[in-house]
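Counting from 221, one number per residue, gives the positions in the sequence shown under the numbering used here. In this text, a Cβ means the ideal position worked out from N, Cα and C, and glycines have one as well. None of these values were measured; they are calculated from a predicted model. Structure first, commentary second.
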Amino acid sequence: MQRWIRAVREWAHRGREPAPVRIGVALGGGFARVLAHAGVLQVLEENRVPVHAIAGISSGAIFAAGYAGGSSIQQMISTGALTSFSSYARWTLSRMGLATNDRMRTYLKKTLPATRFEQMRIPLAVVATDLTTGQPAVFRDAGDVLDPLRASCAYPGLFLPVEIGGRWLVDGGISLQVPVEAAAALGATHVVAVYLRTGPHSDAGPGNIFQVVSRCFAIMQDRLIMEWERIPHVVIEPEVAEFAWDAFDRVPELVEAGRQAALSVLPQIRGWLAAGASRASAKPRS
């Protein structure tokens, strides 16, 4: 009887055991500023923090796709240093925008080790914004990754919207600042959100239409209640506001900004892993 009672108790205990720690990373956008993501991922790798899922919006989605597909961080840093506006975009005459990012397909084919979701070494989610519904459009699991990346990077007013499956899509940053829900939906129990604040940081006035649009969106986002901050277990915010949107010539500084921000929260992330390991070792032996 005592053996039976003990077995029932062990069965009930197993039913209450927390899920294993699975860490997801959610990367916000920021044009050249996303090179700070490299510093964050460097710190995670150096400290053997496993990444079980990754999601991104805008240029952060490109970084996420590279990492998920198997690019080394150094490869992504080197690619970023050689990137310019003409690498992925060209000016055009249209009522829908000033430029098209159609060159991005060729650019991404050359730089990404995998171009389909099912080829990724770790689960990936790319988030754009549906112009009709105003809701996030999440791409994951299977299919071509190139057009979703183009859509996620289609900054409104600058780039033409991208049509996928009858939906007109624009930059994912319009509906989300950081795609933490998408990372959690991929199975992450703990999410590291990397937010690149791009709010106004100078008294100087804007010098062109792109700066006008960019500052308007930055002001709008700073005024919003950050609902996404309820979901991630930690938010990393590299100090990148001083960097211009096209500061590809300041790669080492951007990477270092990401490293310093990640190091500041590393003890908390280590705590997650230690707690998970402790729970695993405490499981009753069969």
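Provide the residue span of the alpha helix (DSSP H) that contains PHE357, from first to last.
Before going further, note that residue 357 is Ala rather than Phe in the sequence given. Careful: ALA357 lies outside any alpha helix (DSSP H), inside the beta strand (DSSP E) at 356–360.
CA-CA distance, GLU245 and GLY290?
The amino acid at residue 245 is misidentified as Glu; the sequence shows Val. One C-alpha to the other measures close to 15 Å.
Counting pairs of Cβ atoms below 8 Å between the segment 385–403 and the segment 251–258, do you hit three or more?
no
May I ask you to verify whether the segment 477–496 touches the segment 272–286, counting CB pairs closer than 8 Å and requiring at least 3?
no
Take the Cβ of GLY407 as the centre, count every other Cβ of all protein chains shown within 10 Å, and call the residue buried at 16 or more, exposed below.
exposed
Would you identify the three-state DSSP class for ARG341, choosing helix, strand or coil?
DSSP places ARG341 in the coil class of the three-state scheme, outside both helix and strand.
So, with DSSP's three-state summary, where would you put ILE445?
With a pLDDT of 48 at ILE445, under the threshold of 50, the modelled position of this residue cannot be trusted; read the value that follows with caution. Three-state DSSP puts ILE445 in coil, outside helix and strand.
From the DSSP output, which residues share a beta bridge with PHE251?
According to DSSP, PHE251 bridges with nothing at all.
Quick one: what does DSSP say LEU313 is sitting in, helix, strand or coil?
strand
In its own chain, which residues sit with a C-beta less than 8 Å from the C-beta of HIS369, not counting the 5 before and 5 after it?
Just to set this straight, residue 369 is Leu in the shown sequence, not His. Taken in chain order, the residues that qualify are ALA281, ILE282, ALA285, MET324, LEU328, VAL346.
I'd like the list of long-range same chain contacts for ALA357, defined as Cβ closer than 6 Å, with 5 residues on each side in sequence excluded.
ALA348, ASP350, LEU389
In or out: ALA258 buried (at least 16 other Cβ within 10 Å) or exposed?
Buried, because 16 or more other Cβ atoms sit within 10 Å of the Cβ of ALA258.
If I measure Cβ to Cβ from LEU483 and keep anything under 7 Å in the same chain, skipping five residues before and after, which residues do I get?
VAL263
By the three-class DSSP mapping on this structure, what secondary structure does ILE225 have?
With a pLDDT of 42 at ILE225, under the threshold of 50, the predicted position of this residue should be treated as unreliable, and no value is reported.
Would you list the one or two residues that DSSP bridges to ASP350?
LEU389
Compare the Cα-Cα distances from SER279 to each of GLU383, GLY317, GLN397 and report the closest residue.
GLN397
With a Cβ-Cβ cutoff of 8 Å, do VAL269 and ILE489 count as a contact?
yes
Unbroken beta strand (DSSP E) run spanning HIS410, endpoints:
Note, HIS410: beta strand (DSSP E), 410–414.
C-alpha distance - ALA232 paired with ALA413, whole-angstrom precision:
Caution is warranted here: a pLDDT of 47 is assigned to ALA232, below 50, making its placement in the model unreliable, and no coordinate value can be reported.
Alpha carbon to alpha carbon, how far is LEU302 from PHE468?
8 Å
For ILE243 and HIS410, the rounded distance between their alpha carbons
5 Å
Under the rule that 16 or more other beta-carbon atoms within 10 Å means buried, what is LEU313, buried or exposed?
Burial call: exposed.
Could you name the residues of the same chain whose beta carbon sits closer than 6 Å to that of GLU459, not counting the 5 residues immediately before and after it, in chain order?
So the qualifying residues of the chain are ALA477.
Look at the alpha carbon of GLY377 and the alpha carbon of LEU318, and state the distance between them as a whole number of angstroms.
Rounded to the nearest angstrom, the two C-alpha atoms are 7 Å apart.
How would you label ASP391, buried or exposed, when you count the other beta carbons within 10 angstroms and need 16 or more for buried?
buried
THR352 to SER372, Cα distance in whole Å?
15 Å
Opposite ASP364 in the DSSP bridges: which residues?
ARG336
Return yes when the Cβ of ASP364 is within less than 8 Å of the Cβ of THR335, no when it is not.
yes
Where ALA464 falls, given that 16 or more other Cβ within 10 Å makes a residue buried
exposed
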